[in-house]
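Trainee:
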Amino acid sequence: MARKPKSLRPSRAARAAEQADFKSWLADAVAALQREQNVNPATIPMRVWRHLYIQGRTPQGAADQAAVSAYNTRPAAERLRRER
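Add 1 to the 1-based position in the sequence shown for the numbering used here, that's all there is to it.
#1: Would proline 42 and leucine 53 qualify as a contact pair, given that the criterion is a beta-carbon distance under 8 Å?
#2: Counting only the same chain and skipping the five closest in sequence on each side, list residues whose C-beta sits under 7 Å from that of alanine 68.
#3: Considering only C-alpha positions, which residue in the set Ala30, Ala71, Lys5 is nearest to arginine 58?
#4: Report back the beta-carbon spacing between tryptophan 50 and leucine 27 to the nearest angstrom; my notes put them in contact at under 8 Å.
#5: Between the Cα of arginine 36 and the Cα atoms of Asp65, Pro76, Tyr72, Pro6, which residue gives the shortest distance?
Okay, structure coming up:
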């Protein structure tokens, strides 16, 4: 008789632990972004943070990449404008 396959869905406790882990990672990444890049974290979409978390980036590495993402989403004319 064939064995019944295990459920691919994580347990409720595992999902709760993963969410808490993501929240603490996100808090560290946002703090690093504000501290070192001087970028408003509200300009970074949640999908970017989620993608960086899934890639396994450290909070510092995610903050660096999020700053690049924020810079690249600005219009070209604004990026090329010289600061006075």
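Just so it is clear, CB atoms sit at the ideal spot from N, CA and C, and this is done for glycine as well.
Computed from a prediction, not measured in an experiment: that's the story for all the values here.
Mentor: Let me lay it out:
#1: Judged by their CB atoms, proline 42 and leucine 53 are not nearer to each other than the 8 Å cut-off.
#2: Leu34, Gln38, Val40
#3: Ala30
#4: 6 Å
#5: Asp65
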